[in-house]
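Enquirer: I have a structure here, written as structure tokens, and I will follow up with some questions on it.
2 protein chains.
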Amino acid sequence: MGRLSLKETRQKEIILAFYTVAKKTGLENASIAKVADYMDINPSLIVHYFKTREALFSGLIEFILQQYSQIYKINGQAYTRTSEVKKLIDNLFSRKWDNLFDDSVFYSCYALTYRDKNIRSAFRLLHDSLRKLLIDALKKANKNGVINIKSEKETAEIIFALMEGAYYYLGMVDSRTDYTRKLATLKKQALALLGMG
Amino acid sequence: MGRLSLKETRQKEIILAFYTVAKKTGLENASIAKVADYMDINPSLIVHYFKTREALFSGLIEFILQQYSQIYKINGQAYTRTSEVKKLIDNLFSRKWDNLFDDSVFYSCYALTYRDKNIRSAFRLLHDSLRKLLIDALKKANKNGVINIKSEKETAEIIFALMEGAYYYLGMVDSRTDYTRKLATLKKQALALLGMG
DNA sequence: AAATATATTGAACGACCATTCAATATAAAT
DNA sequence: ATTTATATTGAATGGTCGTTCAATATATTT
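Listed in order, the protein sequences are those of chains S and A. Residue numbering for the first sequence follows my numbering, starting at 1 and increasing by one per position. Residue numbering for the second sequence follows my numbering, starting at 198 and increasing by one per position.
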């Protein structure tokens with residue numbers, strides 16, 4: 001009895017608003033007050049749903065990582081054909097994600113990794129699970145003779161380093177042509193590792 | 198006439214203190230007030246040397262990038278011997294730098310890259326100049342027949358991606374053994390690119 | 001010793017913030 | 001209609017912050 005709880009709905013709304021404000025002002029300047037202002041509600045309502053500012057941050061991290069993980073919905077393939085592997089690599093080195101989350105907010109969250117144990121392990125967990133997905137894919141492809149590599153684990157590690165290194169550096173590159181050329185170079189290298197030069 | 202200026206000395210002291218406070222509290226929580234408190238001076242003295250909070254940030258960025266560039270004091274070599282190239286790669290994939298700057302502060306500064314044009318171009322400039330150093334080294338080595346690669350530029354790009362990707366991910370890895378094993382894998386790959394497997 | 005430029009302090013202001021608490025509003029259940 | 005649990009508001013508190021400004025201190029030059 002009593003009024004129905006809006007907790008889950010409101011929490012999601014608030015976190016989305018928090019993310020929006022962070023995009024606009026930078027995570028370091030995103031405050032409960034600003035989010036409330038943006039949502040046109042009272043600050044204390046936000047506190048009602050998130051006991052503390054830190055809880056709000058946790059919610060944002062969860063949201064960001066959830067978005068991040070969406071990149072890898074390239075699952076359930078059998079990897080019996082070259083084109084499937086090619087598609088997988090294409091996906092990793094594509095920038096569909098640009099629309100999935102804001103780089104500024106993402107790297108600000110990443111920086112928190114060095115100060116907050118919970119955020120750190122959440123990030124680590126996601127990155128490891130994504131690596132597992134690639135490893136599994138490579139194992140299947142290897143078994144099917146689509147590729148021929150010695151260690152799926154090592155190859156996956158290298159491909160991820162190429163990809164994450166690419167996005168680290170390319171985040172600073174404004175020129176569209178430079179960006180695509182450099183990204184193509186690194187993708188080509190990833191394919192070469194799989195004997196798909 | 199009048200009193201001698203302490204401007205340069207004090208500015209350096211203040212920036213170093215700012216960096217120290219940022220290490221302790223996180224860049225997002227480092228304030229003029231806290232720095233003044235840490236230095237046991239009046240906040241207004243900091244304002245006297247840095248007109249604005251933003252100027253203080255500029256100083257910190259300069260400091261961080263200066264530290265970062267120190268990694269690459271592997272210059273002036275002739276690259277006529279394999280060992281010199283090997284040493285170069287060893288350096289890139291070593292973690293001497295761990296002592297040069299704090300990861301948390303560094304990536305917080307990196308995140309600012311997405312919001313501040315000046316910081317962005319400063320970062321970009323440094324990263325490009327470091328790439329040029331490697332490209333030059335590879336060109337010499339290639340000319341001397343120490344290595345045999347098709348494009349020094351592309352190879353350098355790939356090696357940097359491997360390295361920067363390595364540090365991005367390894368920043369989340371707590372296990373010493375995992376860390377060294379994964380780093381070794383990536384270094385090995387860099388060497389393989391140079392035909393030095 | 002006087003003049004002068006810079007160093008340093010200290011107080012004060014206005015802005016913003018997270019959090020608290022009590023009061024009011026609203027919807028569901030009985 | 002009353003009860004009840006949750007939603008939402010609004011005001012207030014105490015803290016921190018960047019910045020300003022006037023006052024004082026100190027060192028150098030003449």
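In this text, a Cβ means the ideal position worked out from N, Cα and C, and glycines have one as well.
Of the residues that make up the region 185-196 of chain S, which ones have a beta carbon closer than 7 Å to any beta carbon in chain A?
Expert: Listed by position, the residues of the region 185-196 of chain S near chain A (Cβ gap below 7 Å) are T185, L186 and Q189.
Enquirer: Near S:L100, what residues of its chain come up, given a Cβ to Cβ distance below 8 Å and the 5 sequence neighbours on each side ignored?
Expert: Position 100 of the first sequence, counted from the start, is the residue given in the question as residue 100 of chain S. Excluding positions up to five away in sequence, the list reads Q67, Y68, Q70 and I71.
Enquirer: Compare the beta carbon distance of A:A387 and A:F320 with 9 Å and say whether it is the shorter of the two.
Expert: By one-based count along the second sequence, residue 387 of chain A stands at place 190. By one-based count along the second sequence, residue 320 of chain A stands at place 123. Contact flag unset, no.
Enquirer: Does A:R321 have its Cβ less than 9 Å from a Cβ in chain S?
Expert: As a first step, residue 321 of chain A is located in the second sequence; it is residue number 124 there, counting from the start. Closer than 9 Å: yes.
Enquirer: Tell me whether the beta-carbon of S:T155 lies closer than 9 Å to the beta-carbon of S:L125.
Expert: Locating residue 155 of chain S in the first sequence gives position 155, counting from the first residue. Locating residue 125 of chain S in the first sequence gives position 125, counting from the first residue. Not closer than 9 Å, so no.
Enquirer: If I follow the unbroken alpha helix (DSSP H) through S:M172, where does it start and stop?
Expert: Within the first sequence, numbered from 1, the residue matching residue 172 of chain S stands at position 172. It is not in any alpha helix (DSSP H) - S:M172 carries neither H nor E in the DSSP assignment.
Enquirer: Give the straight-line distance between the Cα atoms of S:F106 and S:M172, rounded to the nearest whole angstrom.
Expert: Your numbering for residue 106 of chain S matches position 106 in the first sequence. Your numbering for residue 172 of chain S matches position 172 in the first sequence. In a straight line, the C-alpha of S:F106 is about 14 Å away from that of S:M172.
Enquirer: If you reduce the DSSP assignment to three classes, tell me which class S:R81 lands in.
Expert: Along the first sequence, one-based indexing puts residue 81 of chain S at 81. Coil at S:R81, not helix or strand.
Enquirer: Measuring CA to CA, which of A:L383, A:A230, A:P240 and A:K329 is closest to S:E157?
Expert: Residue mapping note: residue 157 of chain S aligns to position 157 of the first sequence, counting from 1. Measuring from the Cα of S:E157, the nearest candidate turns out to be A:L383.
Enquirer: List the residues of chain S whose Cβ lies closer than 7 Å to the Cβ of A:Y235, in chain order.
Expert: Locating residue 235 of chain A in the second sequence gives position 38, counting from the first residue. Simply none; closest approach about 18 Å.
Enquirer: Measuring alpha carbon to alpha carbon, tell me which residue in A:K209, A:S255 and A:L224 is nearest A:M236.
Expert: As a position in the second sequence, residue 236 of chain A is number 39, starting the count at 1. When each option's Cα is compared against that of A:M236, the closest is A:K209.
Enquirer: For S:T113 and A:Y366, I'd like the C-alpha separation in whole angstroms.
Expert: Along the first sequence, read from residue 1 onward, the residue named residue 113 of chain S stands at position 113. Along the second sequence, read from residue 1 onward, the residue named residue 366 of chain A stands at position 169. Each residue's Cα considered, the two are about 11 Å apart.
Enquirer: In three-state DSSP terms, what is A:R321?
Expert: Within the second sequence, residue 321 of chain A is the residue found at index 124, counting from 1. It is helical.
Enquirer: Quick one: give me the first and last residue of the alpha helix (DSSP H) that S:G59 is part of.
Expert: Here residue 59 of chain S is taken as the residue at index 59 of the first sequence, counted from 1. Segment R53 to S69, the alpha helix (DSSP H) holding S:G59.
Enquirer: Residues in its own chain within less than 8 Å of A:F260 by CB, not counting five upstream and five downstream?
Expert: Residue numbering aside, residue 260 of chain A sits at position 63 when the second sequence is read from its first letter. Same-chain partners within the cutoff: I212, L213 and Y216.
Enquirer: Run the CB neighbour count on A:D313, radius 10 Å, all protein chains shown included, and call it buried at 16 or more, exposed below.
Expert: Your numbering for residue 313 of chain A matches position 116 in the second sequence. A:D313 is buried by the Cβ-count criterion.
Enquirer: Have a look at S:L88, S:G145, S:F50 and S:I149 and flag the residue whose alpha-carbon is nearest the alpha-carbon of S:L6.
Expert: Locating residue 6 of chain S in the first sequence gives position 6, where the first residue counts as 1. Residue S:F50 is the option with its Cα nearest to S:L6.
Enquirer: Return the residue from the list A:V343, A:I238 and A:L380 that minimises the CA-CA distance to S:L162.
Expert: Here residue 162 of chain S refers to the residue found at position 162 of the first sequence. Residue A:L380 is the option with its Cα nearest to S:L162.
Enquirer: S:I46 and S:L56: beta carbons closer than 9 Å?
Expert: If you number the first sequence from 1, residue 46 of chain S lands on position 46. If you number the first sequence from 1, residue 56 of chain S lands on position 56. Cβ atoms of S:I46 and S:L56: closer than 9 Å.
Enquirer: Give me the Cβ distance between S:A22 and A:S305, rounded to the nearest whole Å; I'm assuming they're in contact under 8 Å.
Expert: In the first sequence, counting from the first residue as 1, residue 22 of chain S sits at position 22. In the second sequence, counting from the first residue as 1, residue 305 of chain A sits at position 108. Wrong, their Cβ atoms sit about 14 Å apart, outside the cutoff.
Enquirer: Output needed for S:I135: all residues of its chain with C-beta closer than 7 Å, excluding positions within five of it in sequence on either side, in chain order.
Expert: The residue you call residue 135 of chain S lines up with position 135 of the first sequence. Excluding sequence neighbours, S:I135 sits near E152, K153 and A156.
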